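Undergrad:
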Amino acid sequence: MKFEEHCQESIELFGAPWPEVHKWLDEFAGQEPYGMRHRHLRHHEEGIAEAGRLFGKDAEAVARQHILSDLKLEGWTESDPFPKNSEHYRKIGLW
-7 MKFEEHCQES IELFGAPWPE VHKWLDEFAG QEPYGMRHRH LRHHEEGIAE AGRLFGKDAE
53 AVARQHILSD LKLEGWTESD PFPKNSEHYR KIGLW
């Protein structure tokens, strides 16, 4: 999803856009050497916990929703394992 779409979804679900969380999660998008393969860096349980530490406990739900929305675009389903960390993200074939 695009930044604006993530923010709009956050307004609908959480009452605020939470741009700082979305920018942080996608900080490396499009940058070398990652391109769109940046998600393994923060789109997992460890990334959610770090978002909570950086932006407050409420940011964890926002980060989880951001990640779920992106994973679903990649074909991930609720019956698939949720990535735990960068290594697990790649191991379960999301890389």
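Residues -7 to 87 (our numbering) make up the sequence shown, in order. The beta-carbon is built from N, C-alpha and C at its ideal position, and this holds for glycine as well. These figures come from a predicted structure and were not determined experimentally.
With a 10 Å radius around its C-beta and 16 neighbouring C-beta atoms as the bar for buried, classify G105 as buried or exposed.
TA: Nothing can be reported for residue 105: it is not among the residues displayed for the chain, which extend from -7 to 87.
Undergrad: Could you tell me whether the region 3 to 21 touches the region 33 to 53, using the rule of 3 or more Cβ pairs below 8 Å?
TA: yes
Undergrad: Please work out which residues of its chain come closer than 6 Å, Cβ to Cβ, to Y81, disregarding the five sequence neighbours upstream and downstream, and give them in chain order.
TA: For this step, residue 81 is matched to residue 89 along the sequence shown. The answer, listed in chain order, is H32, H36 and P75.
Undergrad: Keeping to the same chain, check which residues put their C-beta closer than 7 Å to that of P9; ignore five residues upstream and five downstream.
TA: In the sequence shown, the residue the question calls residue 9 occupies position 17. The answer, listed in chain order, is C(-1), S2 and I3.
Undergrad: Are the beta-carbon atoms of E52 and I40 separated by less than 9 Å?
TA: In the sequence shown, residue 52 corresponds to position 60, counting from 1. In the sequence shown, residue 40 corresponds to position 48, counting from 1. Cβ atoms of E52 and I40: closer than 9 Å.
Undergrad: If we count the other Cβ atoms within 10 Å of its Cβ and call it buried at 16 or more, is L63 buried or exposed?
TA: Counting from one through the sequence shown, the residue named residue 63 turns up at place 71. By the neighbour-count rule (16 or more Cβ atoms within 10 Å), L63 is buried.
Undergrad: How is the alpha helix (DSSP H) around Q57 delimited, first residue to last?
TA: Here the question's residue 57 lines up with position 65 in the sequence shown. First-last of the alpha helix (DSSP H) with Q57: A51 to L65.
Undergrad: Report the option in L65, G67 and I84 whose CA atom is closest to the CA atom of P73.
TA: Stepping through the sequence shown from its first residue, residue 73 is reached at position 81. For the residues L65, G67 and I84, the minimum Cα distance to P73 belongs to I84.
Undergrad: So is L86 buried or exposed if we call it buried at 16+ other beta carbons inside 10 Å?
TA: Here residue 86 refers to the residue found at position 94 of the sequence shown. Buried, because 16 or more other Cβ atoms sit within 10 Å of the Cβ of L86.
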